[in-house]
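Novice:
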Amino acid sequence: MKIEGLTPIAAALDELGARLARVRKQQGYTQEALAERAGVGVATVRRIEDGQDGKLGSWIRLLLALDMAAAIDAILPENYKSPMEEAKRARKRGSKPIPGTGFVWGDERK
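Numbered per the working numbering, the sequence shown spans residues 5 to 114.
Printed below as a string of structure tokens:
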């Protein structure tokens, strides 16, 4: 299931818990072994995998224990580029097309 803007929080938590369980199993960890490696309680792993709310710190510990630091950075990238801000900058630079998008402002169409 893809998590989108209108996905209910409970459904998103269920999906993330299922994904965590799937990755844990693929890497050959039991809930107990992952909990020990991450420095969290087994009950925390069970709760999160069952789709119940978990602390962000617990998620970070679990993802690091699964060697998934890139997933942490993907949650909120350090350098987020807003499409709207890029369009505003392009307009200020003389209405040039936005590179790679093929978008051209209306007054530039021939």
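Glycine is no exception: its CB is placed at the ideal position from the N, C-alpha and C atoms.
Can you tell me whether residue 52 is buried or exposed, with buried defined as 16 or more other CB within 10 angstroms of its CB?
Specialist: The residue you call residue 52 lines up with position 48 of the sequence shown. By the neighbour-count definition (other C-beta atoms within 10 Å, threshold 16), residue 52 is a buried residue.
Novice: Inspect the beta-carbon positions of residue 67 and residue 73 and report whether they are closer than 8 Å.
Specialist: Start at 1 with the first residue of the sequence shown, and residue 67 comes out as number 63. Start at 1 with the first residue of the sequence shown, and residue 73 comes out as number 69. Taking 8 Å as the Cβ cut-off, residue 67 and residue 73 qualify as a contacting pair.
Novice: Could you check the C-alpha separation between residue 38 and residue 10 for me, to the nearest Å?
Specialist: Here residue 38 refers to the residue found at position 34 of the sequence shown. Here residue 10 refers to the residue found at position 6 of the sequence shown. Spanning the two alpha carbons is a distance of roughly 31 Å.
Novice: Can you have a look at residue 58 and say buried or exposed, based on whether 16 or more other CB atoms are within 10 angstroms of its CB?
Specialist: Mapped onto the sequence shown, residue 58 falls at position 54. Label assigned to residue 58: buried.
Novice: Using a Cβ-Cβ cutoff of less than 7 Å, which residues in the same chain neighbour residue 54 once the five nearest sequence positions on both sides are dropped?
Specialist: Working through the sequence shown from its first residue, we reach residue 54 at position 50. Cβ neighbours of residue 54 beyond the five flanking positions: 21.
Novice: Would the beta-carbon of residue 35 fall within 8 Å of that of residue 27?
Specialist: Against the sequence shown, residue 35 aligns to sequence position 31. Against the sequence shown, residue 27 aligns to sequence position 23. Contact flag unset, no.
Novice: Under three-state DSSP, which class holds residue 86?
Specialist: Position 82 of the sequence shown, counting from 1, holds the residue named residue 86. Of the three classes helix, strand and coil, the one that applies to residue 86 here is coil, per DSSP.
Novice: Which of helix, strand or coil does DSSP assign to residue 48?
Specialist: Stepping through the sequence shown from its first residue, residue 48 is reached at position 44. DSSP places residue 48 in helix when its eight states are reduced to three.
Novice: Give the straight-line distance between the Cα atoms of residue 90 and residue 83, rounded to the nearest whole angstrom.
Specialist: The sequence position of residue 90 within the sequence shown is 86, counting from 1. The sequence position of residue 83 within the sequence shown is 79, counting from 1. Taking the straight line joining both Cα atoms gives about 13 Å.
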